[in-house]
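Reading through the structure tokens given below for one structure.
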Amino acid sequence: MNHIRCACSALVAGTLLLGSGTAGAQSPVPDLDLSVPGADQCEVAPLSRDDLAAVSEDASTVSSPVIPLETPNTEAATPTPFVAPEGTAVSGEAAANVESIAVQYYACQNANDLLRTLALFTDRYLDQIVGQGDIEPEALATIGTPVPARLESEQLAIAVNGMIEIEPGMYGVDIVGLDHATNEEFTDYLIVIDQDGELRIDEVLRLST
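Take a look at the structure:
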């Protein structure tokens with residue numbers, strides 16, 4: 000289900016410049032111990048087809064992200080890197096809860112469970128990716144049809160490389176990983192917010208190395 004992670008993210012080649020309060024990276028993809036989130040860690044209740052159909056009907060007007068992330072432009076005369084929002088360090092239960100949502104995002108992709116992956120997004124972000132056609136048509140056509148989990152040789156391995164609280168109830172999460180299907184390293188930046196008492200992902204930006 001690599002098309003979901005990539006389709007919901009800007010595919011760009013950029014350098015991740017971490018804002019103050021973020022755990023810093025010494026290289027685009029630092030030498031961290033990566034782990035493969037298993038399908039059993041994809042615990043969120045799946046989005047229903049009716050919910051998705053309603054989103055498709057209402058997606059003509061999409062609000063702006065809570066925290067706009069500027070996509071790096073490496074082809075500009077003066078290449079612009081990605082600069083993460085600034086914030087304060089997160090620890091304890093709050094950090095564990097935010098990390099759980101981030102890990103589920105990749106666990107649901109390893110499980111090839113599109114409806115559960117989409118259920119991790121805020122209403123606004125779901126409107127955005129559906130309204131802009133960021134989900135491949137063949138994925139929408141077969142959504143809800145059970146499919147096998149990714150083969151072990153094709154799964155995503157990840158590690159949380161930094162986490163900040165941008166403002167109360169809003170977090171930035173720096174993820175580094177390896178896509179075993181392509182053997183390519185990647186860096187993702189996730190914005191996680193509190194939506195009606197539940198943490199959900201409001202933006203995903205992929206920063207390729």
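Sequential numbering from 0 applies to the sequence shown in numbering that gives the first Met the number 0. Ideal Cβ placement from N, Cα and C applies to all residues, glycine included.
For residue i, the three-state DSSP class (helix, strand or coil)
i	result
aspartate 173	strand
glycine 161	strand
arginine 123	helix
leucine 117	helix
glutamate 92	helix
Rounded straight-line distance, which links the Cα of residue j to that of residue i
i	j	result
isoleucine 142	leucine 177	26 Å
alanine 38	proline 80	34 Å
methionine 169	isoleucine 192	4 Å
threonine 186	alanine 53	32 Å
valine 203	cysteine 41	18 Å
alanine 95	serine 47	27 Å
alanine 101	leucine 198	10 Å
glutamate 184	valine 146	25 Å
valine 97	glutamate 151	26 Å
histidine 179	glutamine 154	5 Å
threonine 21	leucine 33	Only weak support exists for where threonine 21 lies, its pLDDT of 37 falling under 50; the value from the coordinates is given anyway. So the alpha carbons of these two residues sit roughly 19 Å apart.
glycine 91	asparagine 109	27 Å
leucine 113	isoleucine 128	13 Å
arginine 205	proline 167	24 Å
tyrosine 105	valine 159	12 Å
alanine 93	arginine 115	22 Å
Boundaries of the alpha helix (DSSP H) in which residue i is found, first to last residue
i	result
isoleucine 192	Element bounds for isoleucine 192: not the alpha helix (DSSP H) but the beta strand (DSSP E), 183-194.
Strand pairing of residue i, partner residues [DSSP]
i	result
arginine 149	Answer by DSSP bridge pairing: none, since arginine 149 is not bridged.
aspartate 178	Leu155 and Glu183
leucine 204	Tyr188
leucine 198	Asp193
serine 34	Ile157
glutamate 98	Note: glutamate 98 sits in no beta bridge, so no partner.
glutamate 42	Beta-bridge pairing links glutamate 42 to no other residue.
CB of residue i within 7 Å of CB of residue j, strictly
i	j	result
aspartate 201	tyrosine 124	yes
alanine 88	asparagine 111	no
proline 84	isoleucine 165	yes
valine 35	alanine 156	yes
glycine 86	isoleucine 190	no
glutamine 103	valine 43	yes
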